[in-house]
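Asker: So the protein lines, in turn, are chains A and B. In terms of the numbering used here, the first sequence opens at residue 21 and continues consecutively. In terms of the numbering used here, the second sequence opens at residue 21 and continues consecutively. Every residue gets a Cβ at the ideal spot worked out from N, C-alpha and C, and that includes glycine.
There are 2 protein chains.
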Amino acid sequence: MEKTKISDPAEGEDLPRRSWKQDPDGVRANILLVAREAFAEKGLSGTRMDEIAARTSTSKRMIYYYFGDKEGLYREVLADAYRRTREAEDALELGGLPPDEALRRLAEFTFDHHRRSQDFIRLVMIENVHEGRHMPSADEMSGENSSAIRLLEEIYARGLEAGMFRAGLSAVELHWHISALSYFNVSNRATFSRIFGNELFEEEGQNTLRRHVGDMILKLVLA
Amino acid sequence: MEKTKISDPAEGEDLPRRSWKQDPDGVRANILLVAREAFAEKGLSGTRMDEIAARTSTSKRMIYYYFGDKEGLYREVLADAYRRTREAEDALELGGLPPDEALRRLAEFTFDHHRRSQDFIRLVMIENVHEGRHMPSADEMSGENSSAIRLLEEIYARGLEAGMFRAGLSAVELHWHISALSYFNVSNRATFSRIFGNELFEEEGQNTLRRHVGDMILKLVLA
DNA sequence: GACATATTGTTCGAGCGGGTTAATTTAGTC
DNA sequence: GACTAAATTAACCCGCTCGAACAATATGTC
């Protein structure tokens with residue numbers, strides 16, 4: 021579509037473009053941050069590209085320049101969010117503790133960490149609504165790389181060796197249980213509290229739940 | 021909802037409206053059913069009204085006639101889904117069993133029931149993304165009406181009386197734990213299996229998980 | 001037969017929203 | 001300092017989708 025010249029001499033007013041600094045990495049990072057918040061808030065189809073653009077310090081055009089299209093942006097937001105979470109998990113150090121204490125710590129740490137990572141949980145919720153269509157397949161995202169799993173394997177092995185834990189469980193199973201309890205606490209707060217009230221989500225209720233989560237996991241594995 | 025087919029006498033020229041049976045309830049029910057599937061599949065903003073209309077045995081016009089707008093339809097779909105689930109819960113009968121057995125049954129029943137209610141779970145996921153904005157407030161939807169809670173209260177009371185269970189727990193807490201474990205199994209299957217493989221979601225894995233869920237709940241309450 | 005309710009059918013427009021085309025500036029290289 | 005690729009600004013486009021308007025007809029109830 022040929023566009024007729026816009027510089028209108030009659031108008032007399034030139035459009036002097038603003039000057040700027042080149043900063044590809046900064047621009048990308050800025051877009052990713054804003055997009056993460058937006059997608060976490062409203063989901064994939066619920067988020068407006070114009071809305072994201074408005075909240076960035078750059079323009080809509082740049083989003084398409086760097087990320088291709090909406091789905092491409094969403095994919096990178098998701099991958100980035102998983103990467104960040106994995107990095108946070110790596111920080112946890114339980115080396116010195118006896119197996120039972122370490123396991124409880126891990127479970128309760130996860131409970132708290134999920135609470136602090138609302139945006140991440142929301143992105144996972146949303147991606148599950150999309151049936152994981154935008155995630156790398158199981159091969160690429162090999163679970164062996166998860167530090168949560170590696171930690172659990174190590175703790176469980178030590179517990180077995182010490183005769184403390186019962187045999188026949190797997191690290192992935194334990195991770196599943198810990199995740200389920202920690203995730204639900206964030207993901208379903210809205211509907212659960214509408215039906216049953218907000219009590220469990222207040223300070224005291226959360227302390228009780230956290231303790232229970234630790235209890236349940238421990239009692240499951242103890243011999 | 022069957023349309024009595026009428027052979028047009030004056031084929032093509034006139035537009036003789038077909039005859040029909042008045043069936044407001046049927047039409048409403050048909051729309052609700054189709055809309056439930058659609059919203060469960062694609063979410064609120066992801067679903068197209070024309071798409072819903074096409075799948076019903078009636079017309080788009082009727083959707084607006086009965087439900088006002090998209091959000092009104094979504095609200096009723098959600099309320100209807102909760103109603104159905106509550107009705108299903110009512111069917112469960114554990115009267116005769118000793119408290120520990122009853123509790124395990126309830127937990128494992130919930131686990132299985134959630135697995136069978138994928139659409140319901142998806143609607144709840146979606147509604148949580150919307151922060152429960154379309155649900156009745158805690159007052160109207162009083163949790164006391166939940167039969168799951170009533171069952172748990174009754175079981176827990178019996179267990180306490182028998183000296184089997186430890187004191188200090190509440191029915192809502194127990195329900196929270198059971199729900200968390202049963203819900204996550206459905207809601208997060210997509211992302212979890214992408215990362216850790218599909219094993220836990222196959223027959224054998226599910227049997228193990230179900231048993232663990234029962235174990236964990238029981239061990240939590242046993243004295 | 002009057003009247004409210006239910007139903008079918010068609011058309012349309014406004015605005016939203018994802019994506020594009022074009023022009024311009026920056027910055028690295030020779 | 002000329003050249004060029006990459007980075008960035010700015011304005012535009014068009015299809016999709018919600019919802020409404022318009023129009024007519026059938027059904028049921030009293």
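1) Comparing the C-beta of A/ALA210 with each C-beta of chain B, is any distance below 7 Å?
2) With distances taken Cα to Cα, identify the nearest neighbour of A/LEU180 among A/LEU123, A/ARG231, A/HIS150.
3) Is the beta carbon of A/ARG230 less than 7 Å from the beta carbon of A/PHE131?
4) Mind pulling the alpha helix (DSSP H) runs of 4 or more residues that sit fully within the segment 146-220 of chain A?
5) Could you check how far apart the C-beta atoms of B/SER65 and A/GLY66 are, in whole angstroms? I think they sit under 8 Å.
6) Name the DSSP beta bridge partners of B/LEU114, please?
7) At the level of alpha carbons, what is the spacing between B/GLU137 and B/ILE175?
8) Strictly under 7 Å for the Cβ-Cβ distance: is B/GLU71 near chain A by that measure?
9) How big is the Cα-Cα spacing for B/THR105 and B/LEU201?
10) Helix, strand or coil, according to DSSP, for A/LEU52 in the structure here?
11) Answer with buried or exposed for A/GLY183, where buried requires no fewer than 16 other C-beta atoms within 10 angstroms of its C-beta.
12) CB-CB under 7 Å to B/LEU238, same chain, minus the five flanking residues each way: which ones, in chain order?
13) Just checking my contact of B/THR211 with A/MET155 at CB under 8 Å: how many whole Å lie between their CB atoms?
14) Could you tell me which of B/ASN218, B/ALA58, B/GLN42 sits nearest to A/GLU152, measuring between CA atoms?
15) CB A/VAL233 to CB A/ALA127, shorter than 7 Å?
16) Could you tell me whether any Cβ in chain A is nearer than 7 Å to the Cβ of B/TYR84?
17) When the Cα atoms are used, what is the spatial distance from B/ALA60 to B/LEU53?
18) Could you check where the alpha helix (DSSP H) with B/ASP120 kicks off and where it finishes?
19) Does any C-beta atom of chain B lie closer than 7 Å to the C-beta of A/GLY116?
20) Return the first residue and the last residue of the alpha helix (DSSP H) that B/ASP235 is part of.
21) Thinking just about the alpha-carbon of each residue, which of A/ASP89, A/MET236, A/ARG178 is nearest to the one in A/SER199?
22) If you measure between the beta carbons of A/LYS62 and A/ALA73, is that distance less than 7 Å?
23) Grab me the residues of B/ILE169's own chain with a C-beta within less than 7 Å of its C-beta, minus the 5 sequence neighbours each way, in chain order.
24) Do we get a CB-CB distance below 7 Å when we pair B/MET184 with the residues of chain A?
25) Using the beta-carbon of each residue, which ones in chain A are nearer than 7 Å to B/ASP235?
26) I'd like the list of long-range same chain contacts for B/ARG142, defined as Cβ closer than 7 Å, with 5 residues on each side in sequence excluded.
27) Out of curiosity, what's the CA-to-CA distance linking A/TYR86 and A/ARG68?
28) Mapping DSSP to helix, strand and coil, what is A/LYS25?
29) Cα-Cα, which of B/GLU71, B/ALA58, B/SER166 is closest to B/ALA111?
30) Any beta carbon of chain A sitting closer than 7 Å to that of B/GLU147?
31) DSSP state of B/ARG103, grouped into three classes?
32) State yes or no: is the beta carbon of B/GLU57 nearer than 7 Å to at least one beta carbon in chain A?
33) A/VAL97 touches chain B at which residues, Cβ-Cβ below 9 Å?
34) Name, going along the chain, the residues of the segment 124-138 of chain A whose beta-carbon falls closer than 9 Å to a beta-carbon of chain B.
35) If B/GLU147 and B/LEU98 are in contact, beta carbons under 8 Å, what's the gap, nearest whole angstrom?
36) What residue range does the alpha helix (DSSP H) around B/LYS80 cover?
Answerer: On the basis of the supplied data:
1) By this cut-off, A/ALA210 is an interface position.
2) Shortest Cα-Cα distance from A/LEU180 to any of A/LEU123, A/ARG231, A/HIS150 involves A/LEU123.
3) Cβ atoms of A/ARG230 and A/PHE131: closer than 7 Å.
4) Secondary structure in the segment 146-220 of chain A: the alpha helix (DSSP H) runs of 4 residues or longer, each lying completely within the stretch, are 167-181, 191-207, 209-216 in chain order.
5) In this structure, B/SER65 and A/GLY66 form a Cβ contact; the two beta carbons are roughly 4 Å apart against a cut-off of 8 Å.
6) Its beta-bridge partners do not exist; DSSP assigns none.
7) Inspection of the sequence shows that residue 137 of chain B is occupied by Ser rather than by Glu. Cα to Cα, the separation comes out at about 25 Å.
8) No, B/GLU71 does not count as interfacial toward chain A.
9) When rounded, the distance between both Cα atoms is 17 Å.
10) Correct three-state label for A/LEU52: helix.
11) Its Cβ having fewer than 16 others within 10 Å, A/GLY183 is exposed.
12) Spatial neighbours of B/LEU238 in its own chain (CB-CB distance under 7 Å, excluding positions within 5 residues in sequence) are listed in chain order as ASP120, LEU123, ARG124.
13) Going by Cβ atoms, the distance from B/THR211 to A/MET155 rounds to 6 Å, so yes, they are a contact pair.
14) Going by the sequence as given, residue 152 of chain A is Gly instead of Glu. Minimum Cα-Cα distance from A/GLY152 among the listed residues B/ASN218, B/ALA58, B/GLN42 corresponds to B/ASN218.
15) A/VAL233 places its beta carbon less than 7 Å from that of A/ALA127.
16) So no, B/TYR84 is outside the interface.
17) One C-alpha to the other measures close to 11 Å.
18) The continuous alpha helix (DSSP H) containing B/ASP120 extends over residues 119-136.
19) Chain B, which has no Cβ nearer than 7 Å to the Cβ of A/GLY116, makes this no.
20) Unbroken alpha helix (DSSP H) run through B/ASP235: 223-241.
21) Check the Cα spacing between A/SER199 and each of A/ASP89, A/MET236, A/ARG178: the tightest is with A/MET236.
22) Not a contact, by the Cβ cut-off of 7 Å.
23) So the qualifying residues of the chain are GLY163, ALA191, VAL192, HIS195.
24) Not closer than 7 Å to any Cβ of chain A, the Cβ of B/MET184 fails to qualify, so no.
25) Simply LEU240.
26) Around B/ARG142: ALA60.
27) Spanning the alpha carbons of A/TYR86 and A/ARG68 requires a straight line of approximately 17 Å.
28) Here A/LYS25 scores only 32 on pLDDT, less than 50, and its place in the model is too uncertain to base an answer on.
29) Taking only the C-alpha atoms, the option nearest B/ALA111 is B/SER166.
30) Closer than 7 Å to some Cβ of chain A, the Cβ of B/GLU147 qualifies, so yes.
31) DSSP places B/ARG103 in the helix class (H, G or I) of the three-state scheme.
32) False, the Cβ-Cβ gap to chain A never drops below 7 Å.
33) Below the 9 Å Cβ cutoff, chain B contributes no neighbours of A/VAL97, its closest Cβ being approximately 14 Å away.
34) Cβ contacts with chain B come from no residue of the segment 124-138 of chain A.
35) Yes, they are in contact, since the Cβ atoms of B/GLU147 and B/LEU98 sit about 6 Å apart, within 8 Å.
36) Unbroken alpha helix (DSSP H) run through B/LYS80: 80-87.
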